[in-house]
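If you read the protein sequences in the order shown, they are chains S and C. Mapping the first sequence onto this note's numbering, position 264 (from 1) lands on 264, and the numbers just tick up by one. Mapping the second sequence onto this note's numbering, position 11 (from 1) lands on 11, and the numbers just tick up by one. Virtual Cβ for every residue (Gly too), placed ideally from N, Cα, C.
Number of protein chains: 2
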Amino acid sequence: MTLPTPGFSFEVATEDGRARGARLTTPRAVIDTPAFMPVGTHASVKGLTPSEVDATGARMILANTYHLWVRPGAELIDRQGGVCRFMGWPHALLTDSGGYQVYSLADRRKIDDDGVTFRSHLDGKKMRLTPETAMDVQRHLGSDVAMVLDECPPGGADRPVVERAMRRTTAWAERCLATTPATGQARFGIVQGGGYVDLRMTHLQTIAEMPFDGVALGGFSVGEPVAQMHELVGELGAAMPRDRPRYLMGVGTPEDLLSAIGSGIDLFDCVLPTRNGRNGQAFTSRGRVNIRQARHRDDSSPLDSDCTCPVCRTYSRAYLRHLFASGEMLGPRLLSLHNLHFYADLTRQARSAIESARYESWAREVTKRLREGDERQR
Amino acid sequence: MTLPTPGFSFEVATEDGRARGARLTTPRAVIDTPAFMPVGTHASVKGLTPSEVDATGARMILANTYHLWVRPGAELIDRQGGVCRFMGWPHALLTDSGGYQVYSLADRRKIDDDGVTFRSHLDGKKMRLTPETAMDVQRHLGSDVAMVLDECPPGGADRPVVERAMRRTTAWAERCLATTPATGQARFGIVQGGGYVDLRMTHLQTIAEMPFDGVALGGFSVGEPVAQMHELVGELGAAMPRDRPRYLMGVGTPEDLLSAIGSGIDLFDCVLPTRNGRNGQAFTSRGRVNIRQARHRDDSSPLDSDCTCPVCRTYSRAYLRHLFASGEMLGPRLLSLHNLHFYADLTRQARSAIESARYESWAREVTKRLREGDERQR
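What follows is the structure, encoded as structure tokens:
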């Protein structure tokens, strides 16, 4: 069915319990879900070319509005044809609102009901982010999906702080929707509410009633226990609109994805596969592998014998370990690439398990294998 | 015609003045010359995959014996099938003798007539490099071409110092030849003699009389004036054996290559295209471009509009500059790739100019354009 923004549609093709396989169509791409969006903070998925990211199967990536706004600037990117053209990415793009990064500037920012005043981490320049500027900057960036400006309270925040953040997020969502949308740019609302299930459910209802093209869950993976997140996402997933894409922001590990897919989530983004890859950690079908460990020194087997990615087809653990030991930048590049393939494969396998109505048992088995593998690696 | 080592042959196909187009065949590759060998110090051409290096047209790369000997170790690489298999490089490999790196350890090494004692730059471990160990380590590395251990005196060394280094290099060359060669591994001799033309000519004659598969000029680009190197290589080129490959070690800029090709040199290696690429300097048909400069900020044109490499076909100067400004590792990767394409293209164009008997005028014109471009960039 069509979404509120012209050019966008969303169809749920198959369901298995609460898990679902769907298709999100944007003017630039067709995204089969569940789908993981690689993170390209500065209009670059770290170390990789767009064609390498493309080859993993990813069809939507995420770029960070705050970072691109402060450098090289939204107007420059607009003149260069938008982020996708600037970086040569041939598919869809989602941009965050910039809020999350601004809040992490800690003592360099001040939030009020109208927006956030902050100093750039680059040159200390005073800047102002409001719901309207967040949408304006994202309009310049030319993403397929723009996120509303929300207030994300710190993990473990007291109830009154969370309630104030919810109220602001609601008011700002309305202001974002009141701006003139860019052609071919959808808008997703964001649900806050911290770790309080009643606040979360109330806020979900508020956001779901607004004419957004998708609904996102914000403020997860901010330090709360993993089991609490899985449980809360489980409750929320059951109550999220069925006819629009559901996006769990900034999450997570392979196990987190499997749990959330089982709760009905469609879209994910996270820095883990690229960040951990840069640091020498590979995600494999048998758990995490730290390639720097001495045990891999003379090991001619691939990172993951079940993986068909170019890294696993070409290089041994011995060589990958050597690259990290020698500080060769090919190492971070290859592990990032493998990890993105792993995440993409995981979501494809999830889709396949949903289609054959065996998601729950499949996910339980995979999660068990991943956890046992992690333990053996220690 | 066949070279002394079975499986190797060398044919001069075309000559134009002293410049020549030839073909070196090794058990692993066919190398059309003039050819530039990208440097893969630690069994990795920095930032690039073997298939990317392959796509530039390079058919022989260089790896550094010293670095691989101290980490991960020659025996480990041998167990992993040799450097080519270890790193996944499908063509030929040349290894240096390790001497050059050991000499650069300065106060950590001591040279005598039998060899060099030094301490590893990694763990301070005392090690001993002799002509025999240099050949043994290279045998483990499994290169197509092994270089003899030579003594390379510092640039500007006094005549007696240079003479002693020559004598040692000659004696060591004989000892290298006396070792049992590995199957499918050729050996190149090295000519020393510093900046003294008479010493150089005498030593060339000595080395050329030995049954090496190729003759290399060592000890250039060690701080001497560029014009002096060009002149001396000119004299030496005229006297080098016609029927064997001629290799100018560690040189150089595009202008250096054009001058040396005109003097009859066939093979080159240098860190410039990859090292300068990592630092933001691109070699283009109109001189060097420093992509970090503000002038490229909003420039949607490619690095080099005459270049057909994947970088120039895909990315703008504005984007490449942004990658460097943001510290994104894709920037060093892409500029290294472009620069290797530029060097490979340059040698291919040189070959073509030789074949159509217009090398001198072509090289003069290209050199002029490169120099004028460099001046405009300042």
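Rounded Cβ spacing between residue i and residue j (contact assumed at less than 8 Å)
| i | j | result |
| --- | --- | --- |
| C:W172 | C:P131 | 4 Å |
| S:G264 | S:R20 | 6 Å |
| C:I207 | C:G189 | 4 Å |
| C:H65 | C:A134 | Residue identity check: residue 65 of chain C is Thr in the sequence provided, not His. That pair is a contact at about 7 Å. |
| C:A29 | C:M60 | 6 Å |
| S:P160 | S:G219 | In fact, because the Cβ distance is near 16 Å, the residues do not count as touching under 8 Å. |
| S:R371 | S:K46 | That belief does not hold up - the Cβ atoms of S:R371 and S:K46 are roughly 27 Å apart, past 8 Å. |
| S:D304 | S:S285 | 6 Å |
| S:L3 | S:R244 | 7 Å |
| C:H42 | C:L62 | Not confirmed; about 12 Å, so no contact. |
| S:E174 | S:A165 | Contact flag wrong, Cβ pair sits at about 15 Å. |
| S:L267 | S:L217 | Between S:L217 and S:L267 the Cβ distance is about 10 Å, and since that is not below 8 Å, they are no contact. |
Start-to-end residues for the beta strand (DSSP E) that takes in residue i
| i | result |
| --- | --- |
| C:E15 | S9 to D16 |
| S:T25 | A19 to T25 |
| S:F86 | Where S:F86 is concerned, there is no enclosing beta strand (DSSP E), although the alpha helix (DSSP H) it sits in stretches over V83 to M87. |
| C:F118 | G115 to R119 |
| C:N290 | G287 to N290 |
| C:A63 | M60 to A63 |
| C:E109 | Correcting the residue identity first, residue 109 of chain C is Arg in this sequence and not Glu. R109 to D112 is the extent of the beta strand (DSSP E) around C:R109. |
| S:T95 | A92 to T95 |
Beta-bridge partners of residue i, as assigned by DSSP
| i | result |
| --- | --- |
| S:G234 | Note: S:G234 sits in no beta bridge, so no partner. |
| S:L217 | S:V191 and S:L248 |
| S:T284 | S:G287 |
| C:T180 | In DSSP, C:T180 forms no bridge with anything. |
| C:T2 | C:S9 |
| S:A186 | S:V145 |
Span of the alpha helix (DSSP H) around residue i
| i | result |
| --- | --- |
| S:R330 | Here residue 330 of chain S is Leu; the residue named in the question, Arg, does not match the sequence. L330 to E355 is the span of the alpha helix (DSSP H), which, as asked, contains S:L330. |
| S:T202 | V197 to A208 |
| C:R321 | R317 to A325 |
| C:D374 | Y359 to Q377 |
| S:G223 | Counting along the chain, S:G223 falls outside any alpha helix (DSSP H), and DSSP gives it neither H nor E. |
| C:Q293 | Note, C:Q293: premise wrong, no alpha helix (DSSP H); not H, not E. |
| S:R313 | P310 to T314 |
| C:G98 | Note, C:G98: premise wrong, no alpha helix (DSSP H); not H, not E. |
Segment contact flag, the stretch 83–90 of chain S with the stretch 259–274 of chain S, C-beta cutoff 8 Å, min 3 pairs: no
What are the residues of the stretch 34–59 of chain S that lie near chain B, defined by any Cβ-Cβ distance shorter than 9 Å? Annotation note: the requested chain B is absent from the structure, which comprises protein chains S and C.
Pair every Cβ in the stretch 266–284 of chain C with every Cβ in the stretch 327–337 of chain C, then say whether three or more of these pairs are closer than 8 Å. yes
Quick check for students: name the residue ranges of the beta strand (DSSP E) that lie wholly in the stretch 123–172 of chain S, counting only runs of 3 or more. 126–129 and 145–147
Given 8 Å as the limit, is there contact between the stretch 313–322 of chain S and the stretch 2–12 of chain S, that is, 3 or more CB pairs closer than that? no
Runs of beta strand (DSSP E) lying entirely within the stretch 31–77 of chain C, each at least 3 residues, in chain order: 35–37 and 60–63
Could you say if the stretch 247–260 of chain C and the stretch 364–376 of chain C meet the contact criterion of at least three C-beta pairs nearer than 8 Å? yes
For the 8 Å Cβ check, are there 3 or more pairs between the stretch 161–176 of chain C and the stretch 196–207 of chain C? yes
Hey, which unbroken runs of the alpha helix (DSSP H) at 4 residues or more fall wholly within the stretch 253–282 of chain S? 254–262 and 272–278
If we count Cβ pairs, one from each stretch, closer than 8 Å, do we get three or more for the stretch 33–43 of chain C versus the stretch 346–356 of chain C? yes
How about the stretch 104–111 of chain C and the stretch 351–363 of chain S: do they share at least three Cβ pairs that are nearer than 8 Å? no
Should the stretch 141–157 of chain S be regarded as contacting the stretch 232–244 of chain S, the criterion being three or more beta carbon pairs within less than 8 Å? no
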